[in-house]
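Residue numbers (full-length UniProt numbering), protein chains in the order written: chain A, 1 to 214; chain B, 1 to 214.
Here the structure is laid out as structure tokens; the discussion comes afterwards.
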DNA sequence: AACAGAGCGGAACGATCCGTTCCACTGTTA
DNA sequence: TAACAGTGGAACGGATCGTTCCGCTCTGTT
């Protein structure tokens, strides 16, 4: 069931390979929820020991850096996908919707400062900025973006969406979509009669901060 | 220069009375910036010793509770002021602008959960909700608020504005005003041609998270 | 003039948390 | 069967923070 150089790995090797994924997934989930979470929380969520983490990453900073870099790459990737869309306005809104859904903002901006960035990250960040600028330019060209909106308004917009956070992840996604719709309507130069995406925020959905921590 | 029961206090007593204010101000500034800041940071910012704090509050929780309650009262106060404004839409927008400027949201919602609330706070919070509902109703009556907007959209809106945060406080206020303008335009049912307020966000204003902490 | 104590500064303490290391153990590979 | 990659988790050391405590100063009173 196992070979030295073959592709099919059994037993321990397969488990280890699977752990690579499991750990990254757990880290994403945990640090998305709380950028300052202890590393033990990642191990627990992944269902592995702490050693399994330290075998793969030199330390917490290493893990954070990789996570953030992944988010940055995702951002660039989504931007490039958007640029392939012929409709300028649809490219713009579609890009934002995907970035908001994937919570890329929390993975990048909110994790920044917790590690020393690599040069490659600097390059990727610059490229991300250029792509965003292109998308905004095209949105302006479409005539649907209000003329006084600038590239860095995207920063405000993404921050606003990332700030929406309720205990249930799926509900969080819905509320962020609603927030995004309001913001896009506000940034639009033509009246937008589409109804806000639903269900509207309700009483009790925001009191969770007031409730006792357990 | 001093009397036992007179209003004019000199020397030590006056200093103590002044410290009441100084400490509250420092606490507001510090916890607004970081809800989990150590209590020593408040003392340092106020320029007093830790004893001066513990003489006035039973503990950190006590201080946080008072701070939060003050914020809640401010919210109610601004809402009542707004209700005195005859123009329904102006009452709505004016209220939000004042609440955003005073950063009431950071003082209330972001501090919640760090202490056990009093019953009076519960009552005030309920009253705050009622007043907000009234303001939204009146905004709807004015015809300028899009019909599918609900009271609790205010929660999203305030969270979005509070999430805007750059090192310089005055700049933060400007950017929040811009964010608020976009959101209000998005929530408005009539096309709003007013230009977005304030210097637009610029390159470099959001990289501060990437820069090295010192 | 002397005293009692309010008010205060800040060191010290104890609890908690967290990143990292270390070691014993297990199943796999050669 | 011998070596070892991979792992779980206890243990360590450092840092942080809320709170207490002690000695000092200045004030209002006797």
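Virtual Cβ for every residue (Gly too), placed ideally from N, Cα, C.
Since this is a predicted model, take the numbers as computed values, not measurements.
Tell me the DSSP bridge mates of residue 145/A?
-> Residue pairing for residue 145/A: DSSP places it in a beta bridge opposite 188/A.
Between the segment 13-26 of chain B and the segment 186-206 of chain A, are three or more C-beta pairs nearer than 8 angstroms?
-> Look at the beta carbons and you see the segment 13-26 of chain B not touching the segment 186-206 of chain A: under three pairs across the two are nearer than 8 angstroms.
Could you tell me which of 52/B, 29/B, 39/B, 111/B sits nearest to residue 13/B, measuring between CA atoms?
-> Of the listed residues, the one whose Cα sits closest to residue 13/B is 52/B.
For residue 74/A and chain B, any beta-carbon pair shorter than 8 angstroms?
-> Closer than 8 angstroms: no.
What number of angstroms, rounded off, separates the C-alpha of residue 85/B from the C-alpha of residue 91/B?
-> Their backbone Cα atoms lie some 5 angstroms apart in a straight line.
Helix or strand or just coil, what does DSSP make of residue 115/A?
-> Residue 115/A falls in the coil class under three-state DSSP.
With burial defined as no fewer than 16 other Cβ atoms inside 10 Å of the residue's Cβ, what is the status of residue 119/A: buried or exposed?
-> So residue 119/A ends up on the exposed side.
Run down chain A in chain order and give the residues with a C-beta less than 8 angstroms from the C-beta of residue 152/B.
-> Those within 8 angstroms of residue 152/B in chain A are 200, 201, 202, 203, 205, 206.
Cβ-Cβ separation, residue 135/A to residue 82/A (assumed contact under 8 angstroms), whole Å | Rounded to the nearest angstrom, the Cβ distance from residue 82/A to residue 135/A is 6 angstroms, consistent with a contact under 8 angstroms.
Give me the Cα-Cα distance between residue 62/A and residue 179/B, rounded to the nearest whole angstrom.
-> Residue 62/A and residue 179/B: Cα-Cα distance of roughly 35 angstroms.
Under three-state DSSP, which class holds residue 196/A?
-> For residue 196/A, the three-state secondary structure derived from DSSP is coil.
Write down the C-beta distance between residue 186/B and residue 99/A rounded to the nearest angstrom, noting that I regard them as a contact closer than 8 angstroms.
-> With a beta-carbon spacing of about 18 angstroms, residue 186/B and residue 99/A fall beyond the 8 angstroms limit used to define contacts.
Can you tell me whether DSSP reads residue 128/B as helix, strand or coil?
-> The answer is helix: DSSP assigns residue 128/B an H, G or I state.
Determine the closest residue to residue 199/A out of 80/A, 177/A, 21/A, with distance taken between C-alpha atoms.
-> Out of 80/A, 177/A, 21/A, 177/A has the C-alpha closest to the C-alpha of residue 199/A.
For residue 59/B, decide whether its Cβ has a neighbour in chain A, counting only Cβ atoms nearer than 8 angstroms.
-> Chain A contact via Cβ: absent.
Thinking C-beta only, is residue 26/A closer than 8 angstroms to residue 45/A?
-> For residue 45/A and residue 26/A, yes; Cβs fall inside 8 angstroms.
Around the Cβ of residue 3/A, are there at least 16 other Cβ atoms within 10 angstroms (buried) or fewer (exposed)?
-> Note that residue 3/A scores a pLDDT of 33, beneath 50, so its modelled location is shaky; the value from the coordinates is reported in the next line. Looking at its Cβ environment, which holds fewer than 16 other Cβ atoms inside 10 Å, residue 3/A is exposed.
Expressed to the nearest angstrom, what Euclidean distance is found between the alpha-carbon atoms of residue 151/A and residue 133/A?
-> Between residue 151/A and residue 133/A, the C-alpha separation is close to 6 angstroms.
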